[in-house]
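Asker: Position 237 of the sequence shown, counted from 1, bears residue number 243 in my numbering, the numbering being contiguous throughout.
Quick reminder that beta carbons are idealized off the backbone N, C-alpha and C, glycines included.
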Amino acid sequence: MILTVTPNTALDITYRVRTLRPHGSHRVSEVTERPGGKGLNVARVLAALGHEVTVTGFTGGATGRTVRDQLAGTAGVVDALVPVRGSTRRTIAVVDTTTGDTTQLNEPGPAITPAEWSAFQETYERLLRSASAVALCGSLPPGVPVGAYAQLVRSARASAVPVLLDTSGEPLRRGVAARPDIVKPNAEELAELTGSHDPLQATRAARRRGAHTVVASLGPAGLLAENAAGRWRATPPCRVHGNPTGAGDSAVAGLLSGLVENLPWPERLARAAALSAATVLAPAAGEFDRSAYEAFAGQVAVTSETSAA
Ligand SMILES: O=P(O)(O)OC[C@@]1(O)O[C@H](CO)[C@@H](O)[C@@H]1O
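(1) Based on the DSSP secondary-structure assignment, which residues constitute the bridge partners of L46?
(2) So, under 8 angstroms CB-CB, I8 and L262 are touching, yes? Tell me the CB distance rounded to an integer number of Å.
(3) Can you find a CB in chain C that lies within less than 8 angstroms of the CB of G42?
(4) In three-state terms, what does DSSP make of D75?
(5) Within 10 angstroms of its Cβ, does D187 collect 16 or more other Cβ (buried), or is it exposed?
(6) So, at 6 angstroms on beta carbons, what are the nonlocal neighbours of R95 in its own chain, with the 5 sequence-adjacent residues on each side left out?
(7) Please classify P147: is it buried, with 16 or more other beta-carbons within 10 angstroms of its beta-carbon, or exposed?
(8) With H, G and I counted as helix, E and B as strand and the rest as coil, what does DSSP make of T241?
(9) Report the option in L269, L134, G149 and G70 whose CA atom is closest to the CA atom of A122.
(10) Among A197, P289 and E36, which one has its Cα closest to the Cα of R317?
(11) Between the Cα of G66 and the Cα atoms of P13, V100 and G82, which residue gives the shortest distance?
(12) Hey, quick one: how far does the beta strand (DSSP E) through L230 stretch, first residue to last?
(13) Look up Q305 in the DSSP assignment and say whether it is helix, strand or coil.
(14) Between S310 and ligand 1, is there a pair consisting of the residue's CB and a ligand heavy atom that are separated by less than 7 angstroms?
(15) Given A99, which residues of its chain have a CB within under 6 angstroms of its CB, disregarding the five upstream and five downstream residues?
(16) Less than 8 angstroms between the beta carbons of L142 and V167, yes or no?
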């Protein structure tokens with residue numbers, strides 16, 4: 007199975023409003039509630055692609071129960087979430103249906119105690135034994151050590167399980183230094199990590215910091231990837247308009263599925279870019295428009311650039 011780790015799970019709430027105005031009062035035309043936090047989105051996309059996935063991380067309280075109930079109804083996803091005393095957070099995405107812009111509000115998440123963190127580590131070590139790949143995804147809730155991802159990367163490597171890291175800030179910086187197989191920052195996270203706003207330079211700098219393969223998600227421009235074998239760009243066939251929340255998570259699902267299926271890098275990137283674009287067309291993160299995905303999959307342009315240093 008593929009293992010996804012979401013320390014800061016969430017109940018993702020998406021509101022659609024006609025025009026979002028600061029200080030205004032809004033009528034919400036549509037509400038969706040889904041299990042969220044990046045790793046749960048990745049898991050739902052992987053399951054929709056036909057992969058067996060196990061999810062772990064923390065959940066608690068009434069929102070945690072809702073998340074688990076909804077996951078229980080998702081075929082292909084096994085719940086190995088660790089219960090905690092605190093309450094799973096909510097994240098709110100407000101989609102302005104006039105402009106198509108999305109505004110995101112993410113709660114910090116429950117405080118995790120040292121005993122809860124230890125319980126999680128035991129679960130993680132056990133799950134690694136039957137994992138073909140692992141993704142470490144999203145922010146860390148309060149109480150989890152800032153070097154947590156670095157530690158989880160090292161454990162995966164010690165167990166010879168390929169590991170992908172998708173986070174930001176200091177947890178990303180430390181996690182990259184632990185040498186994950188793949189790191190998938192967006193443009194902003196990559197610039198923060200490396201100090202460079204040029205994606206080509208920043209991708210190379212992130213490799214120098216320890217990541218074997220860097221896959222940068224560049225929004226509508228697609229993906230830029232670099233490893234010791236080369237550098238590729240994967241560009242979707244057209245610009246899509248919709249809700250971009252979770253597009254990066256779908257790219258992660260594409261990369262992981264390509265990894266366990268042993269696809270060559272250009273095919274993995276084409277799949278990841280197609281899934282990412284098809285997610286923008288879906289109402290919420292962790293979902294994608296299947297017919298758009300199937301159409302885009304054959305149309306993503308993957309170009310190979312000057313080989314990497
Ligand atoms: O606060 P984090 O953990 O960084 O991100 C959480 C989150 O905004 O990311 C997903 C989209 O990638 C949402 O579904 C989700 O709730």
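Answerer: According to the data block:
(1) None, per the DSSP bridge assignment.
(2) 6 angstroms
(3) Protein chain content of the structure displayed is limited to a single chain, and chain C is not contained in it.
(4) helix
(5) buried
(6) A16, E113 and G115
(7) buried
(8) strand
(9) Reading the sequence as shown, one finds Glu at residue 122 and not Ala. Closest by alpha carbon: G149.
(10) It is not possible to answer for residue 317, since the shown part of the chain is limited to 7 through 315.
(11) P13
(12) L229 to N233
(13) coil
(14) no
(15) T20, T108, Q110 and T251
(16) no
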